[in-house]
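Going by this note's numbering, the letters in the sequence shown line up with residues 125 to 544, in that order.
Idealized CB from N, CA, C, for every residue including glycine.
Predicted, not measured: the structure shown is a model, and the values here were computed from it.
Here is the structure we will look at, set down as structure tokens.
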Amino acid sequence: MTHTLPGRRLSRAAVGVLAAATLTGLAALPAVAAEPDLGIGQLAPITGAQPGSGVDVPFSVLNKGTEEVGKVWVSYTVTSGLAAADSYGNCMYSTESSADEEPEKAVAVCAVDQPLKPGILYVPEQPIGLKAQDSALYDKVRVSIDSTEPGPSDNGGSDPVPGTGAPLKLVEKGPATDADRASHGEASSSADVTAVNTADFALTGARLKGEVGDKVTASVKFVNDGPAWVYRELGQGAATVDVRIPPGTSVVKAHDFCSPVTKTHYTCGTSQSWVNPGRGETYPFVLRIDKAVEGATGKVSFTGADRPFDRNAANDTADLVVDAGAGTTGGSSTGGSTSGGSSTGGSTTGGSSTAGSATGGSASGGSTTGGGADPQTATGGNLAATGSSSSLPLVGASAAALVAGGGIFYAVRRRAAAVK
């Protein structure tokens with residue numbers, strides 16, 4: 125039998141006193157305010173925008189909580205084909221640099237110093253005013269609502285500049301319905317803005333000379349001659365180029381953005397899902413002349429996603445021509461002349477992708493850094509005459525990531541929030 129030592133057991137009366145004291149202490153603690161619950165209505169797609177004209181973006185805001193919110197921040201971002209037409213005095217304007225799969229964007233953060241009552245739908249006095257740029261085609265706008273001031277983007281960009289016009293204000297539209305609550309489920313919403321515009325995608329091939337056994341470099345070029353930029357869906361290259369190698373030659377080295385379909389057939393992608401006017405990609409192919417074939421000609425053409433914006437079909441294909449002599453010993457030539465022995469091949473180095481432009485990329489140790497060398501634009505029609513080189517160019521850096529089929533390579537820096 126166990127024995128309870130004197131003084132070790134609390135009486136029922138003591139337990140009751142302690143419980144009452146605990147409850148009294150809890151009641152004296154200050155009440156914790158509920159977190160604000162704000163939502164933006166789903167934005168509707170905008171079509172038929174005219175370059176140089178205004179674009180209105182209506183939106184609505186709902187305080188879904190139970191308490192009044194004294195101040196909110198309305199933010200909106202747009203891709204490079206759009207710009208702010210109205211300069212609101214309570215907004216700060218800046219740009220956000222491109223990163224990962226995201227292009228450069230213009231950003232406005234507006235401090236709306238007015239209370240938002242719970243259960244009431246609010247709209248701006250006037251829709252947000254934007255302007256379609258000359259480069260507008262496929263663009264996106266995103267609107268967000270916050271109860272605290274958003275911090276700067278991790279991607280970097282320009283310093284914020286205050287607006288100069290009348291402030292952005294919200295006005296009551298009326299009590300929210302159940303349908304309003306359902307459509308304001310998130311604190312941000314985005315929409316596509318499609319403009320009536322064109323972009324001319326053009327290809328340039330090459331004419332090469334050499335002897336049997338020579339290694340020659342064919343530089344296939346893709347350029348967007350504008351006027352619009354082209355922004356595809358995330359994960360999809362801006363363009364896909366189909367390259368067929370001339371008969372009598374074999375591929376020694378293909379560009380990192382290019383993936384083999386067969387030994388004589390390659391598909392090449394782009395460094396990003398967008399391409400700005402005047403930009404594109406250059407795809408060097410190192411070929412070996414295995415035998416002399418009279419009139420040996422390969423073909424370059426576009427493939428993959430449709431291009432309804434491209435109305436000029438005359439520059440959508442190009443030739444790769446190899447004029448081979450009948451020599452049986454290897455040699456090399458540079459600048460269009462042939463000489464014995466060998467020469468040092470040129471190299472392509474990586475760079476960076478800035479201002480939302482699509483550029484080449486490079487990789488080191490399996491991870492990409494920066495963007496890539498500035499792509500070259502097509503010159504001299506769709507067939508460029510070059511000589512040959514006996515050594516393999518350094519095309520970018522090793523281990524660049526390539527998605528077969530889509531042919532898209534991304535210079536990975538940091539994951540940014542996608543514009544939906």
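When DSSP states are grouped into helix, strand and coil, Arg305 belongs to the helix group. For the pair Gly205 and Ala319, the CB atoms are nearer than the 8 Å cut-off. Annotation: the continuous beta strand (DSSP E) that includes Phe346 extends over Lys339 to Pro351. Taking a cut-off of 8 Å on C-beta distances, the stretch 157–169 touches the stretch 259–276, as three or more cross pairs fall below it. The residues Asp366 and Thr441, in chain order, have a CB closer than 6 Å to that of Ser425 in the same chain once the five nearest residues on each side in sequence are set aside.
Taking C-beta atoms as the reference points, Tyr212 and Gly289 count as a pair closer than 8 Å. The alpha carbon of Phe433 has as its nearest neighbour, out of Ala260, Val285, Val376 and Val375, the alpha carbon of Ala260. Considering only Gln174, Glu249 and His389, the residue with the shortest C-alpha distance to Lys423 is His389.
Taking 3 residues as the minimum length, the beta strand (DSSP E) runs contained wholly in the stretch 236–290 are 244–248, 252–256 and 262–270, in order along the chain.
Cα atoms of Val347 and Ala326: separation of roughly 5 Å, rounded to the nearest angstrom. Around the beta carbon of Thr301, a 10 Å sphere encloses fewer than 16 other beta carbons of the protein chains shown; the residue is thus reported as exposed. In the structure shown, Asn439 falls within a helical segment according to DSSP collapsed to helix, strand and coil.
In the displayed model, Pro371 falls within coil according to three-state DSSP, outside both helix and strand. Excluding its 5 nearest sequence neighbours in each direction, Cys215 has C-beta neighbours in its own chain below 7 Å: Ala232, Val233, Cys234, Gly287 and Leu292, listed in chain order. Counting along the chain, the unbroken beta strand (DSSP E) around Phe426 starts and ends at Ala420 to Thr427.
Across the set Thr203, Glu159 and Val185, the C-alpha of Val185 shows the shortest separation from the C-alpha of Gln238.
Put simply, of Gly419, Pro248, Ala256 and Val196 the residue whose alpha carbon is nearest the alpha carbon of Glu273 is Val196.
When C-alpha distances from Val354 are compared across Gly404, Pro384 and Ala306, the shortest belongs to Gly404. The alpha-carbon of Phe381 is positioned some 40 Å away from that of Gly309. Under DSSP, Gly334 forms a beta bridge with Ala448. Within 10 angstroms of the beta-carbon of Pro160 lie 16 or more other beta-carbons, which makes it buried. Contact check for Leu332 and Val376: beta-carbon distance about 13 Å, past the 8 Å limit, so the pair fails to qualify. In this structure, the alpha-carbon of Gly243 lies about 55 Å from that of Thr391. Taking 8 Å as the cut-off, the beta carbon of Asp180 is found closer than this to the beta carbon of Pro251.
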